[in-house]
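Visitor: Line order of the protein sequences matches chains A and B. The opening residue of the first sequence carries number 30 in our numbering; numbering runs sequentially from there. The opening residue of the second sequence carries number 5 in our numbering; numbering runs sequentially from there. Ideal Cβ positions, reconstructed from N, Cα and C, are used throughout, including at glycine. First, the structure itself, so that you have it in front of you.
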Amino acid sequence: MRNEILRMDQVTYETQGVTQLDNFSLSVWEGEILGLVPVNNWGVEALLSLLTQNLPLRYGYVHYNERLVNDWHSHRRGGNRVSVIRNESCLAKDLTVADNIFVLRPGFKKWHIRPRILREQLTPFIQEVGVPIRADAYIDSLTTFQRFVVELLKAVVAGSRLIVLENADAFISESELAKLQEILLHYAGKGISFLYLSAHFEETLRFCHRTALMSNGRILKCFDLKSGSADILSLPCVGDYDRWIRAHLEEPVREQADRPMLELRALCCGNLQDVDLRVNAGECIVVQDTDGCALSDFLAVLARGQPESGQLLVGGRPLRSGLDRSIAIVQERPTETMLFYSMSYMDNLCFNMDHRFPKIWLSKGIRRSIREEYAPLLGAEVFDRRINELTNRQKYDLVYTRLLLQRPKVVFCIHPFKKAEVSIRSHLWELIERLLERDIAVVILAVNLADSLALADRLVRLRKGAVHEVYRREDFTRLPANTPWLYLYREKYSNMERKVDMYETFRNQ
Amino acid sequence: MKNDRLRYLSHRLLAAGLTAVLLHLCLLLFLCAAAKDLGGRWWELAAMGAAGLLLLVCWTTVWIIRPFLRLEKETRLFLEGHAPNGLLREEHVFFTPAGRQTWECLQGLLDSSELMKMNKRQAQYLALQNQINPHFLYNTLESIRSEALIAGLTGLAEMTEALASFFRYTISKVENLVSVEEELQNCETYFKIQQYRFAERLQLTVECDSAEREEIYNCRLPKLSMQPILENSIIHGTECKIGTGHLKIHLERTGKLLLIRISDDGVGMDEQTLARMNGQLQKKVRAAASQDGQTQGGIALRNVNNRIQLLFGEEYGLRVFSMPGVGTDVEILLPAITSDRDVPNKEALRSL
Numbered sequence: 030m031r032n033e034i035l036r037m038d039q040v041t042y043e044t045q046g047v048t049q050l051d052n053f054s055l056s057v058w059e060g061e062i063l064g065l066v067p068v069n070n071w072g073v074e075a076l077l078s079l080l081t082q083n084l085p086l087r088y089g090y091v092h093y094n095e096r097l098v099n100d101w102h103s104h105r106r107g108g109n110r111v112s113v114i115r116n117e118s119c120l121a122k123d124l125t126v127a128d129n130i131f132v133l134r135p136g137f138k139k140w141h142i143r144p145r146i147l148r149e150q151l152t153p154f155i156q157e158v159g160v161p162i163r164a165d166a167y168i169d170s171l172t173t174f175q176r177f178v179v180e181l182l183k184a185v186v187a188g189s190r191l192i193v194l195e196n197a198d199a200f201i202s203e204s205e206l207a208k209l210q211e212i213l214l215h216y217a218g219k220g221i222s223f224l225y226l227s228a229h230f231e232e233t234l235r236f237c238h239r240t241a242l243m244s245n246g247r248i249l250k251c252f253d254l255k256s257g258s259a260d261i262l263s264l265p266c267v268g269d270y271d272r273w274i275r276a277h278l279e280e281p282v283r284e285q286a287d288r289p290m291l292e293l294r295a296l297c298c299g300n301l302q303d304v305d306l307r308v309n310a311g312e313c314i315v316v317q318d319t320d321g322c323a324l325s326d327f328l329a330v331l332a333r334g335q336p337e338s339g340q341l342l343v344g345g346r347p348l349r350s351g352l353d354r355s356i357a358i359v360q361e362r363p364t365e366t367m368l369f370y371s372m373s374y375m376d377n378l379c380f381n382m383d384h385r386f387p388k389i390w391l392s393k394g395i396r397r398s399i400r401e402e403y404a405p406l407l408g409a410e411v412f413d414r415r416i417n418e419l420t421n422r423q424k425y426d427l428v429y430t431r432l433l434l435q436r437p438k439v440v441f442c443i444h445p446f447k448k449a450e451v452s453i454r455s456h457l458w459e460l461i462e463r464l465l466e467r468d469i470a471v472v473i474l475a476v477n478l479a480d481s482l483a484l485a486d487r488l489v490r491l492r493k494g495a496v497h498e499v500y501r502r503e504d505f506t507r508l509p510a511n512t513p514w515l516y517l518y519r520e521k522y523s524n525m526e527r528k529v530d531m532y533e534t535f536r537n538q
Numbered sequence: 005m006k007n008d009r010l011r012y013l014s015h016r017l018l019a020a021g022l023t024a025v026l027l028h029l030c031l032l033l034f035l036c037a038a039a040k041d042l043g044g045r046w047w048e049l050a051a052m053g054a055a056g057l058l059l060l061v062c063w064t065t066v067w068i069i070r071p072f073l074r075l076e077k078e079t080r081l082f083l084e085g086h087a088p089n090g091l092l093r094e095e096h097v098f099f100t101p102a103g104r105q106t107w108e109c110l111q112g113l114l115d116s117s118e119l120m121k122m123n124k125r126q127a128q129y130l131a132l133q134n135q136i137n138p139h140f141l142y143n144t145l146e147s148i149r150s151e152a153l154i155a156g157l158t159g160l161a162e163m164t165e166a167l168a169s170f171f172r173y174t175i176s177k178v179e180n181l182v183s184v185e186e187e188l189q190n191c192e193t194y195f196k197i198q199q200y201r202f203a204e205r206l207q208l209t210v211e212c213d214s215a216e217r218e219e220i221y222n223c224r225l226p227k228l229s230m231q232p233i234l235e236n237s238i239i240h241g242t243e244c245k246i247g248t249g250h251l252k253i254h255l256e257r258t259g260k261l262l263l264i265r266i267s268d269d270g271v272g273m274d275e276q277t278l279a280r281m282n283g284q285l286q287k288k289v290r291a292a293a294s295q296d297g298q299t300q301g302g303i304a305l306r307n308v309n310n311r312i313q314l315l316f317g318e319e320y321g322l323r324v325f326s327m328p329g330v331g332t333d334v335e336i337l338l339p340a341i342t343s344d345r346d347v348p349n350k351e352a353l354r355s356l
């Protein structure tokens, strides 16, 4: 007899009069890895809150570990032993791994902490997961994946029966994802359940026993894809992608001028070793950091403008500093990190233009003409709105249009699709294409290829900080079998049977 | 009645009296603090006044505001169609005697046995669609079967036999609880009849953990809980689909629950229709009372849902999941009981 670890039944949950979850029903079995793909982000935060805390419900029932913990009749309080692991680490950075796992555990009551005993207690867990982590290492010194594993171990040690992993595929690399899969399966075998939130349906196929599709705070359907009952392409979240990438592949190849916009010559800095790279005007390359150790160093070089050795040339000239307007960096989650909510829309749009129009802040005429020029593209109404009144899509428009106005030679996009809804992601493709059409070189820095590959003219894979492999678009067929949308590239470039291959790809994962 | 009145009045008086006393106390203390010259012990009086005020706020929240909000919420939910059962059981909601009587009267009107009878009638309607004398129907079908056997038409004989078995199960004692095994057999009989029409275009699989098969098959559920849903899956799901339609009945049991999922890979439904359907299933009272029939195919689901909820409670029933072009899953959530004595609402069972 199987146990249900979680059952949310007909849950309707409101915050400040806004319905976040509407008749939401979901169940997770013991030892199951359940994928959850939100088509839009509506209700996701509310779901995570309700999993960990028993907040007052408008309607419905929540059972945890076969026990009713929350229902609409009563006002139960308290929390459930559910751990949520997200990109923002909740570990104490200045403490060691062992301290984080054992000492910060709820219920730890010892007055005298003996590091040797903690180390001994941790050893079997470390051996179990097979990831080399020192018990006395400080959290600050760990890689993203190691931190992720520490959080996982912390949840296991704390006795969580359900662990929620939010968008893990967005911040850990492919090889690490494969390792993560092993770890999850190991703990699932021991009866721990996982809720794996991901924006990519095809990613959940690799990990999960079942996958639920969520939209507007409701579960639309659960898929048990191993039984082969659903045609993957008929799902909107996959089908749209499939159609878009197919259309993209059918388009004629963009003409790229042989004008190098970015040149890295024997670049060394931190973990980066002898990186040679050349990106032409209007070219999009994806730099994939397969082991996640070089991306931060790459960003550090861009910020400083000076590598330890080698050369970094932008438009044939050495980069002066990170403030050089010939480059632009689109941060992770730019709608949260790159907009100034206290400034007006117009100020947000124009504040990187001073190198082109030094008198922009004095001249209303320039700003008026910008407004007239971009109103058809952005919508006339957005210019009078405050930033917090904009939709997510309008915020992305603002960030990328600012780049168009800045006219840099190279744009670096750091995980541009991270935390973006399914509908926004296809819009982001269009926004990046707009940059390419203006002969701006685009470098997408990613650890995961799920969304980026479709845009790439070349893929550069870094391993241990050095350029390991370079693939041109026609070579994408040679990428590993778990590469997203590989079947489309194979179909295009190798004339292979599409559907058979697609299923083969998905099933093999 | 008199006691109720006294009880209500004493609660109100207690709440109002204590509120007034505390309020006066606070005022008095503040006045004392203000009247005294600022030396001496004015801050102690002020602190006591503040504490009294805090106590007053807490007291008002617990005894007046929260019960009021609770009553408001329950009334609003009732207006949206939920049953008022929880309200009268609630200890902290103080009604006036007439108010309580009104709610009890209302609940009486929505009495589960009455609703059960209404649903029974609906079920019979669904089963028959018109009034046919069952014995006449069985006899006629048996005659046709005999004729078919004599004429060597074994296919026709089998079909007639399946039809007779189906009608016999459907028409006789609609109200009973049956075992999962019996209900599954009826589903298979129904499917067999449909297969004469659809032939290879329709496939049915029943999934169940073999180690738990016996336990699951012995569980009890209201008669005709699964077949109407299977019928819906065929008529509204797979019939409109081009190509072979796959139907699946998946059975699972946990410590307390029996889960039956009937899936099809038919045309499915859009998000708005799905939301509307699940909304109707959530609202027991209104769903049972309304007969508008605006939603095609929704009557059968509502009927099954109502019967389950009236017998076992509103936390059980149907949940629908669907996507256009992908298919529909209907999940039946039931308590895992193996005897009719375990039914929580025996009154509803007896009234049938």
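Identify whether Q133 (chain B) lies in helix, strand or coil by the three-state DSSP scheme.
Guide: In this prediction, Q133 (chain B) scores a pLDDT of 46, lower than 50, which makes its location untrustworthy; no coordinate-derived value is stated.
Visitor: Output the boundary residues of the beta strand (DSSP E) element that contains G63 (chain A).
Guide: It should be noted that the sequence gives Leu, not Gly, for residue 63 (chain A). Segment 62-67, the beta strand (DSSP E) holding L63 (chain A).
Visitor: Excluding five sequence neighbours on each side, which residues of the same chain lie with their C-beta closer than 8 Å to the C-beta of G90 (chain A)?
Guide: The residue you asked about is not Gly; residue 90 (chain A) is Tyr in the sequence shown. Around Y90 (chain A): R36, M37, D38, Q39, V40, L97, N99, D100, W101.
Visitor: If you draw a straight line from the alpha carbon of L188 (chain B) to that of R224 (chain B), how long is it in whole angstroms?
Guide: Each residue's alpha carbon lies about 12 Å from the other.
Visitor: Please state the DSSP three-state secondary structure of A404 (chain A).
Guide: Here A404 (chain A) sits in helix by DSSP.
Visitor: Give the list of continuous beta strand (DSSP E) stretches no shorter than 3 residues that lie fully inside the region 475-509 of chain A.
Guide: 487-492, 495-501
Visitor: Around the C-beta of I130 (chain A), are 16 or more other C-beta atoms found within 10 angstroms, so that it is buried, or is it exposed?
Guide: buried
Visitor: Could you tell me the distance, in whole angstroms, from the CA atom of A203 (chain B) to the CA atom of D253 (chain A)?
Guide: 26 Å
Visitor: When the Cα atoms are used, what is the spatial distance from R280 (chain B) to R323 (chain B)?
Guide: About 12 Å.
Visitor: If we ignore side chains and look at the alpha-carbon of each, how far apart do D530 (chain A) and E211 (chain A) end up?
Guide: Note that D530 (chain A) scores a pLDDT of 47, beneath 50, so its modelled location is shaky; the value from the coordinates is reported in the next line. Spanning the two alpha carbons is a distance of roughly 24 Å.
Visitor: May I ask which residues mark the beginning and end of the beta strand (DSSP E) holding S250 (chain B)?
Guide: The sequence shown places His at residue 250 (chain B), not Ser. 249-257 is the span of the beta strand (DSSP E), which, as asked, contains H250 (chain B).
Visitor: Helix, strand or coil for Q302 (chain A)? Go by DSSP, reduced to three states.
Guide: strand
Visitor: Quick check on D346 (chain B) - is its C-beta less than 8 Å from some C-beta in chain A?
Guide: It does not; no Cβ of chain A falls within 8 Å.
Visitor: Quick check on L73 (chain B): buried or exposed, where buried means 16 or more other Cβ atoms within 10 Å of its Cβ?
Guide: Exposed, since its Cβ has fewer than 16 Cβ neighbours within 10 Å.
Visitor: How would you label A404 (chain A), buried or exposed, when you count the other beta carbons within 10 angstroms and need 16 or more for buried?
Guide: exposed
Visitor: Could you tell me which of B:I336, B:E162, B:W47 sits nearest to I197 (chain B), measuring between CA atoms?
Guide: B:E162
Visitor: Considering just the uninterrupted stretch of the beta strand (DSSP E) at D195 (chain A), what are its terminal residues?
Guide: The identity of residue 195 (chain A) in the sequence shown is Glu, whereas the question assumes Asp. Run containing E195 (chain A): 191-195, per the beta strand (DSSP E) assignment.
Visitor: Closer than 9 Å between beta carbons: that is the criterion. Which residues of the region 71-88 of chain A meet it against chain B?
Guide: R87, Y88
Visitor: Would you call the region 388-404 of chain A and the region 477-489 of chain A touching, i.e. three or more CB-CB distances under 8 Å?
Guide: no
Visitor: Would the beta-carbon of H384 (chain A) fall within 8 Å of that of R346 (chain A)?
Guide: At a Cβ-Cβ threshold of 8 Å, H384 (chain A) and R346 (chain A) do not count as neighbours.
Visitor: In its own chain, which residues sit with a C-beta less than 6 Å from the C-beta of A166 (chain B), not counting the 5 before and 5 after it?
Guide: T193, K196, I197
Visitor: Give a yes or no on whether the C-beta atoms belonging to C251 (chain A) and D333 (chain B) are separated by under 8 Å.
Guide: yes
Visitor: For G72 (chain A), collect the residues of the same chain with a Cβ closer than 6 Å to its Cβ; drop the 5 residues on either side in sequence, then sort them by chain order.
Guide: Q49, L50, G246
Visitor: Can you find a C-beta in chain A that's less than 8 Å from the C-beta of L278 (chain B)?
Guide: yes
Visitor: Report the residue from A:L77, A:S392, A:V66 whose alpha carbon sits nearest the alpha carbon of L234 (chain A).
Guide: A:V66
Visitor: Give every residue of the same chain whose Cβ lies closer than 8 Å to the Cβ of S202 (chain A), excluding the five residues on either side of it in the sequence, and list them in chain order.
Guide: Here the set comprises F174, Q317, D318, T319, D320, G321, V476, N477.
Visitor: Any idea if P445 (chain A) is buried or exposed, counting beta-carbon neighbours within 10 angstroms, 16 or more meaning buried?
Guide: Buried, because 16 or more other Cβ atoms sit within 10 Å of the Cβ of P445 (chain A).
Visitor: Determine the direct distance from the alpha carbon of T506 (chain A) to that of L291 (chain A), and round the result to whole angstroms.
Guide: 26 Å
Visitor: Rounded to the nearest angstrom, what separates C62 (chain B) and H28 (chain B) at their Cα positions?
Guide: When the Cα atoms are used, C62 (chain B) and H28 (chain B) turn out to be separated by approximately 16 Å.
Visitor: Of the choices B:L58, B:L314, B:C36, whose alpha-carbon is the least far from that of L3 (chain B)?
Guide: A query on residue 3 (chain B) cannot be resolved here, the shown segment of chain B reaching from 5 to 356 and no further.
Visitor: By Cβ distance, which residues of its chain are closer than 6 Å to T299 (chain B), with the 5 residues on each side in sequence left out?
Guide: Its pLDDT being 46, under 50, T299 (chain B) is placed unreliably in this model, and the coordinates cannot settle the point.
Visitor: Please determine if the region 335-345 of chain A and the region 370-381 of chain A are in contact, where contact requires at least 3 C-beta pairs separated by less than 8 Å.
Guide: no
Visitor: In the DSSP assignment, find the beta strand (DSSP E) that holds W58 (chain A) and state where it starts and stops.
Guide: Counting along the chain, the beta strand (DSSP E) containing W58 (chain A) begins and ends at 47-58.
Visitor: In the DSSP assignment, find the alpha helix (DSSP H) that holds P232 (chain B) and state where it starts and stops.
Guide: 231-236
Visitor: On the DSSP letters alone, give me the boundaries of the alpha helix (DSSP H) that M163 (chain B) sits inside.
Guide: 158-175
Visitor: By a C-beta neighbour count over all protein chains shown, 10 Å radius and 16 as the cutoff for buried, is Q295 (chain B) buried or exposed?
Guide: Residue confidence is low: Q295 (chain B) scores 48 on pLDDT, short of 50, so the model does not pin down where it sits. No coordinate-derived value is stated.
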